[in-house]
Every structure is written in structure tokens, then in C-alpha cells.
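Down below is the structure, laid out as C-alpha cells.
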Amino acid sequence: MLSSHFKFIFFVLFLFLIGCEKPNEIIDNEDLKSNLIQTYIDNARDTNNSVKDRNNNLEKAYGIYSTLKDDTFKVGKIHEISFGYYALKNYDKYKELNEKALKLSGLINDSLNMARSYAYLGIYYRRSELLDIAYENFYESEKIYSKINKEIYDAKEITFDHGKVLIDMARILQRIKAYSESEAITIKAIESFKESENERYLPLSYSNLGIIAKYFEQYEKAIEYHFKAIEYGKKNKKEISQTVTSYNNIGIVYRSEKKYDKAKEYFTLALEFEEFLAKNPATYARLLDNLAHVNFLSNDTSEIPELFFKAFRIRDSIDDKQGMITNALHLAEYYKAQEQDSLSAQYAYMAKDISVEISNNEELLKSYQILSEVLKSDEGVKFAQAHIQLNDSLQKDERLFKDKFARIRYETKEIAEQNQQISRENEILIIAILGLTALFLLGYIIFRQQQSNKELLFAQTQQEANQEIYRLLLNQQIKLEEGRQLEQKRMSEELHDGVLGRLFGVRLSLDGINQRANDGFTEARNKYIDELKFIEKEIRLISHDLGTESLQPDVAYIDAVESLISDLCEANSINFEFTNDENIDWEHIDDQKKVNLFRILQESLQNIFKHASAKTIKINFDYLEDKINLTILDDGIGFKSTKVKKGIGLKNITSRVSQMSGVVQFLSNNNAGTKVSVSVPI
Amino acid sequence: MIDDHPMIIEGYKNTLLGENQKEYQIRIDIASNCDEAYDRILKSSETIPYDMLFVDIKLPPSSDGSITSGEDLAKHAKELLPKAKVIILTMHREDHRIHNILKNINPAGFLIKSDLTSSELLLAFNNIVKGKAYYSATVNDHFRKMMTNKFSLDEKNLKILYHLSRGVKTKNLPNYVSLSLSAIEKRKNQIKEMFSIAKADDQKLLEEARKRGFI
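Respectively, the protein sequence lines represent chains A and B. Every letter in the first sequence is one number past the one before it in our numbering, and letter 338, counting from 1, is 338. Every letter in the second sequence is one number past the one before it in our numbering, and letter 81, counting from 1, is 1081.
Written as C-alpha cells, this is what we have:
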């Protein structure tokens, strides 16, 4: 006793510990849970357990279910739990769980389970006679099934499930008398079943086809279908129930065809399965009622109304209200034929009341008709009117109902269309955006291209302008030089030939006269005549100097340079020394280079004047190994080369030098002047 | 007397006529340009030929352009009046000019105007009348310089040196001397070798040429 108590406490503690260690053993825990939930579900399924026990098990299963992580497995489990509730006839719970399953499978994108959940919900609504909602659910389910990629899942199983949903839809359509649609969908369902190689629902499908064929008055075809149903029923170990149902159906077909003997034959054949019928009183009652009705129609009154009563009693005992209405109507018809109007009216009233109770308007209509026929004039008229009214409203309802079904299909189609429209619009939008982007890019590229073209053009014109400036500069210099030379030459000649000649003449004359005169001043005059001779000599020298060296074109550049230097230096009162290596053949040097060197010099001088506070500038053009070296040296304050590196002046110089593929060096020290060395290959 | 300056003619007259009036009968004709001078020379060669010609080098050229200077005129005069004594009077004292005139005309008298005084002119006149040539001191200097050199430079070489001394660059020499640049370079090197200063620069060459009296 004590030890068992201990054991119990130990066990509890152990559980507690497991609970505490949950995070470490989560996988084990999942296994444990799935085992546990399976056990509960199995227990709930076991019909040997009491209803209460089964309910408890389902609740426990649901408890564990809610702790599972969201995945396909979890959806599978909630479906199983819902089946448990269905078996226990707790349909609301069944519906609630399947709605949860639908939401969950939507959440985890599990389309297969969504389809299943819709189908299960359809079953619920069909049970509740909410055919339109049921149809809607089946329809949604079917849509998913027809889209599912059957390669991922077990193709046969899905095809079978698809078939199930199709036949469910077909049967609903049959019930609302949308026969041709129902027929089409049934055929699709049969195809699915055959493809899935599971013939379980083929008998049901063929029965449905038979019923539809009967409505289309294709009796032979109808009978053929029903026989096929029996055939497939045999393969599915449902031989007896299917045979009974089909025989009943065949009987009804023959009855509609007014082949009463044949009808009687099949009803009787069906009634021979006594063992089966004993277990299925509803079917038994239906067969009896149908047999009786056929007998009545064929005027074989031998066993009626007893057969009607027998069926009615069975139906009453199992509370088969639908059956009771049919039965009551048959009886009313029978008594009307027997001209026992009061009895007929009694059964017609009964049919009417039960019809109202279960709101079966079609049966109500039939009861109204009989009542209107059997009752006395004013009451009969009242029911006739009720009949007309009901008939109208029924037709209207039927139309509305069909419309509703059509709308379900239409609306879902419309949503799909809308989606398509949206996706089309999105496509257009994306294309438009892409197009615009491409256009923008293109525009930008063109813009850049033009910009760079402009820049190039600008650089080109700038270069041309530079050359033009240089040319003008040079021309001006040359003209200046020419003018100067011309003037010098003129002066030189004038001095030499004119002034000098005449001076010489004068001196000679004076000298001649002086030789002859003897007034004692001869010596003095001779002195002046000698002086005149000196003057002549001087003038000759001047003339010689003026006349030397005519124009040299290459001197023009150096002259331009020199005048630049001297002008600037004079303006800024700075001394300068300029030397030009005579070996530089300026005449044959590219104008661009000359302009660049000129500008570099200009820029450097400006820098010196602005920043260096220099007193003397030395400028050299040297010629060394096919290179022109320009050196500009000042004795100013200098600069820190890092500090001024980004100045626009130095940048310009650097860019000009690199244009000529030359090298430039700026050497400077604080208070030690600056040296700019440019070396340019010819 | 051929000179384009009347003042100079005046000077000659004043000198010659003043002193020599007593000794010689002097008749003087005057021409101030080449055309006039040539006409007179031509005329005198047919009538009474001139004994003496005073010729200036720089003169306005003849209208047909065939006679451009006193040098040309002197050549003609020598043919037309072979007995006449030609006296050259010029302002130019450059060696290569003197050299040329001496070579082409071989005048009886060669006077450089800037050296000239009236007494020298008289001296020259008297000498030439007596058949003795008279040259100015400058011209004589030139002769002396030429003699001291073991070799002589031809006219073109002298021209090259002369222009170089004026500051003309070698590469511009073809404009002044009718030779190609490479020929000039060759001649320059020859001159340097003659001066035995091969491979020296132009500066040295000019110094040496001055020393030796070629400039």
C-alpha cells in the first residue's frame, strides 16, 4: 500500500521532471504526443466504449491537438477527431472542427487539406439540407482538387477523393433537378473513380445516372445503368444492398414506363432479400410501399391496402417522415380511386401536415392536389388555389435555387476572372514601369552621350581657340617684328646712304677749303673736321647695328614669351632672367605645345606674383635629349606642396603637361622659393 | 665723277680744284646715277675718253636694270675706256666687299669714304695721275691680313663668317648665302679645320676669324 503510494508520487515527480525538461526533449515529446493522440482517437472510434467515454477521448485528443505545431499532421489529426464527433452524431462539433481545419490548412498553405476540409464541411451542410451551402463547399473543394499537382501527392488517392466530391456535387444537382449538369459531373466522377482504380462509389454513380436517365425518360438506358450499378456493387462486397437498391430503382423506372408487371417483378425480387431487409426497415418499407403502389396502379387490389399499411407501420415505427408522407399520399390516391373521399382526405391531410413539418413542399403540393380533388367544392377550391400558389412559388424557388447554384459557379469564376484581370493589370503595370524605366535609362544615356559630345566639342573648340590665339599672337608678333625690322632697315639705309654721304661730302669740302685757307685757324678747323669723321664713324656703326639680322620667324615665339615675361615682371616690379636654348627649333614645334608652354609660364608667373612674394624670377628653356625643359625658379616664400595640391592653377598646369605627355615637378620649401620643372618631349 | 650725293661731288671738287688748279687742267663731268654715268662713258669713249673715273659703289640702278652698282659700271668702263684710271670710293668697309671689288675690278684707286680726308684724296689723285695705284689704309690692311694667312678663304666662306658674325644662325644662312644648309655646315667645318679648332663651337670660330682678320 505504502510502496504503491510512493510509486505514484514518484511517477508524478517523474512527469513533472519531464515537463520541466520539455525544451530538451521536444522531439521525443512530439512522438509521445502523436502516439497519445492516436490512442485517444482509436479509443473514441471503438464502438465498444460508451458514448461518454468516446466523447471524453475526443476531448483529450483535441487537448493534445491544440499543443501540436501547425503542420499537415495537425490538420490530419483534427480531421480524424471531427470524424469521431460525426460518428457520435455531434454534427456541430464536426462542423466547428472542420472549419478550424480549413483555416489551419489555409494558414500553412496545405491545399490538399483545404480541399478535404471543404468536402467535409459540404457533407455537414448536405446533412443539414442546406444544399446550396453544401454545394458551395463541394465546389470549392473540387476546384482545389482539379488544380492540385498530382505528381506531388499520392495521385490515386487524390483522384479518388476528387471523384467523391464530384459525385457529391452531382447528387445535389440531381436533387435540385439540374439533371443535365448532374449527369455531366457524374460522368466526370466515374472517370475519376476508374482512374483511381477504386470502384467503391461506382455503384452510387451509376445509380445516379440511372435516376437522371429516368427523368429524361430514357428508360432503357436507366435500366442499363442500374444493372451496371449492381455489377459494380458485386465487386465491392455490397452486392446485396446495391442489388436491393437497384432493383427498387429499376422497379420505379418500369413503373414510370407503366410496365407494371416488370415493376412488380423487380420489387418482388428485391423483397426476397429478407435477411438484409430485416436490418434495413426503411428500405423494406419503401419496397413494400412501392409494390403496393404498382399493384394499385395495375388495378391488382389483392394485397392492398394491407401492403400500404404494413409499410406505413414500419415507417411510423422508425419515424421515417419522408416515407410516411409518400405512403400517406399513396393511400390518399388509393382511397380517392376507391371513391372513399373522406379517407382519402384524411391521408392527404396527414401527408400535408408532415410535409409542412419537414418543409417538403413538393409532397405538400401533391397533398394539396389530392385535397382539392377529394374535398367539397369551397374547401376544394381553397386547396386548389393553395396548390396553384404553392406550385408557382415552388417553380419560383426552384428557379431561384438553380440561379443560386449558377451564381456560386459564376461568382467563383468571377473572382478567378477578377484575379486574372488584376494579374493582367499588374502585368501591364510592370510592363509599363519597365518600359518607362528603359525609356528613362535610354534618355539618360542619350543625354550623357550628348553631354560628353558637347564636352568633347567644347574641348576641341577650346583647343582650336588656343591655336587661333597663338596664331594671332604670333602673327601680331611677326608683324610687329616686321614693322620694326622694316623701319630699322629704312633708318639704317637712310643713315648710311643719306646722312653719312652728305656728312662725308660736307667734311670733304670743309677739309678742301681748309687746306687752301691760311688764316691761322687751320689747325682748329682740322680738329672739328676730325670730330666730324668720328661722328661719321659712329653713325656708320649705328646704321650697321640697325641693319643687321632680318626677320627670323622662330624668334617670334621667343619674343612673345619674352615680352610676356617682361611685361608681367615690369607690372609687378620683379626682376627676371630669361634664357632660351638656341638649339630649340621653335619653328618646327607643334603650335599646341607652344601655346601650352606659354600658358604654363603665364600661370606660373601669376602664381608667383600672387603668392610667392618673390624678388627675382629665373626662366629657362633648355633642350636636352629631344625634350624641352622649362624651368621657372623664384626666390619667394614657397609653399607646402601638400597644402596647395588641389589649387586650380596647379591642376591646369598638370593637365596641360599630361596633354603633351610630359612630366611636371613642383619643388618647394618654406622660405626657399619654388621650382617648377616641366619636361615635354618634342 | 659718279655719285648720287651732290654734296660729295661738291667735296671732291672743292678738294681737287682748289690745289691742283695750277698744275693740271681739270675738266669734270658729273653723273648721279648708272644710266647717266653709262651714257657719259659711252659718249666719251667715242669722243674724248676720260682719263679718270671716280665711282661710287652704291648708286641708283639703271632703268633697264642691267647695271645695279658702281661695281658693274666700273666693269663696263674698263671695256669702253681701257686707258681710264678707275678710282672706287665707297662707304663700305667690310672685308668681303673690299675683297670682291679688288678681285673683280682691280681699280687704280680704292678709297674708303669714312677714312678719307681731303689731303688723302689729293695724295691719291697725284699718285694715280703718276701711274701709281693708291689704296686707303683699310684696304691696305685687308691686303696685309690676306698676306699673313697662309691660305685664303673664298668669297662664300667669307660671307658665311661675315653673316655669322652679324648674329645670323647657321640654319638661316641659306637665306644669305646661296648654298644649302648641309653645304654651309660642311664649309663651316672646313674653316674650323683650317683654323685648327675642329669641333669648337661658333663662338670660338668667330673669335678665331676675327683674330685672323677675316671679319
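C-beta atoms are modelled at their ideal positions from N, C-alpha and C, and glycine is treated no differently. Owing to the predicted nature of the structure, the values given are computational and were not obtained by experimental measurement.
Does any residue of chain A bring its CB to less than 7 angstroms from the CB of residue i?
i: isoleucine 1057 (chain B); result: no
i: serine 1165 (chain B); result: no
i: threonine 1117 (chain B); result: yes
i: methionine 1146 (chain B); result: no
i: serine 1062 (chain B); result: no
i: methionine 1007 (chain B); result: yes
i: asparagine 1014 (chain B); result: yes
i: glycine 1011 (chain B); result: yes
i: serine 1114 (chain B); result: yes
i: glycine 1018 (chain B); result: yes
Sorted by chain position, which residues of the same chain lie with C-beta nearer than 7 angstroms to residue i's C-beta, five sequence neighbours on each side aside?
i: valine 12 (chain A); result: Any reading at valine 12 (chain A) is ruled out, since the residue's pLDDT is 44, under 50, leaving its predicted position unreliable.
i: alanine 189 (chain A); result: Gly163, Leu166, Ile167, Ala170, Ser205
i: isoleucine 529 (chain A); result: Arg507, Leu510, Asp511, Asn514
i: serine 613 (chain A); result: Gly636, Ile637
i: leucine 375 (chain A); result: Ala345, Phe383
i: serine 1045 (chain B); result: Leu1080, Leu1081
i: glutamine 174 (chain A); result: Ser182, Asn208, Ile211, Ile212
If you measure between the beta carbons of residue i and residue j, is that distance less than 7 angstroms?
i: methionine 1091 (chain B); j: lysine 1113 (chain B); result: yes
i: tyrosine 284 (chain A); j: leucine 277 (chain A); result: yes
i: alanine 332 (chain A); j: serine 317 (chain A); result: no
i: phenylalanine 138 (chain A); j: serine 196 (chain A); result: no
i: valine 678 (chain A); j: leucine 630 (chain A); result: yes
i: leucine 1059 (chain B); j: asparagine 1033 (chain B); result: yes
i: alanine 384 (chain A); j: serine 372 (chain A); result: yes
i: isoleucine 304 (chain A); j: phenylalanine 296 (chain A); result: yes
i: methionine 324 (chain A); j: isoleucine 354 (chain A); result: yes
i: methionine 1007 (chain B); j: isoleucine 1030 (chain B); result: no
i: glycine 505 (chain A); j: glutamate 1010 (chain B); result: yes
i: serine 141 (chain A); j: tyrosine 124 (chain A); result: no
DSSP puts residue i in a beta bridge; with which residues?
i: methionine 1052 (chain B); result: B:Lys1085
i: asparagine 620 (chain A); result: A:Thr579, A:Thr631
i: serine 668 (chain A); result: A:Thr674
i: proline 305 (chain A); result: Paired residues: none, contrary to the question.
i: threonine 461 (chain A); result: Threonine 461 (chain A) pairs with nothing; no bridge assigned.
i: leucine 1111 (chain B); result: B:Leu1089
i: proline 681 (chain A); result: A:Lys627
i: isoleucine 1002 (chain B); result: B:Ala1031, B:Val1055
i: tyrosine 1135 (chain B); result: B:Phe1110
Leaving out the 5 sequence neighbours to the left and right, which residues in its chain are closer than 6 angstroms to residue i when beta-carbon positions are compared?
i: phenylalanine 273 (chain A); result: Ile240, Val244
i: aspartate 132 (chain A); result: Lys404
Let me see if you follow: with CB-CB separation under 7 angstroms, is residue i close to chain B or not?
i: isoleucine 682 (chain A); result: no
i: glutamate 536 (chain A); result: yes
i: leucine 551 (chain A); result: Per-residue confidence for leucine 551 (chain A) stands at a pLDDT of 44, beneath the threshold of 50, marking its modelled position as unreliable; the derived number appears in the next sentence. Closer than 7 angstroms: no.
i: glycine 512 (chain A); result: yes
i: leucine 508 (chain A); result: yes
i: phenylalanine 621 (chain A); result: no
i: glutamine 488 (chain A); result: no
i: glutamine 485 (chain A); result: no
i: arginine 525 (chain A); result: no
i: phenylalanine 447 (chain A); result: no
i: phenylalanine 458 (chain A); result: no
i: arginine 502 (chain A); result: yes
i: arginine 656 (chain A); result: no
i: glutamine 515 (chain A); result: yes
i: glycine 443 (chain A); result: no
i: glycine 662 (chain A); result: no
i: aspartate 505 (chain A); result: It is glycine, not aspartate, that sits at residue 505 (chain A) in the sequence shown. Yes, glycine 505 (chain A) counts as interfacial toward chain B.
In chain order, what residues of the same chain have a beta carbon less than 8 angstroms from the beta carbon of residue i, not counting five sequence neighbours either side?
i: tyrosine 1162 (chain B); result: Glu1094, Asp1095, His1096, Ile1215
i: leucine 1206 (chain B); result: Leu1161, Leu1164, Ser1165, Ile1215
i: serine 302 (chain A); result: Asn295
i: serine 550 (chain A); result: Note that serine 550 (chain A) scores a pLDDT of 48, beneath 50, so its modelled location is shaky and nothing firm can be said.
i: leucine 307 (chain A); result: Leu288, Asp289, Leu291, Ala292, Asn295
Which whole-angstrom value describes the C-beta separation of residue i and residue j, a residue pair presumed to lie in contact below a C-beta threshold of 8 angstroms?
i: isoleucine 539 (chain A); j: leucine 495 (chain A); result: 5 angstroms
i: valine 1055 (chain B); j: isoleucine 1088 (chain B); result: 6 angstroms
i: asparagine 526 (chain A); j: threonine 579 (chain A); result: The Cβ separation is near 49 angstroms, so there is no contact.
Does the distance between the C-beta of residue i and the nearest non-hydrogen atom of the ligand FAD fall short of 6 angstroms?
i: glutamate 339 (chain A); result: By its list of ligands, the structure shown contains no ligand whatsoever, and the ligand FAD lies outside what it can speak to.
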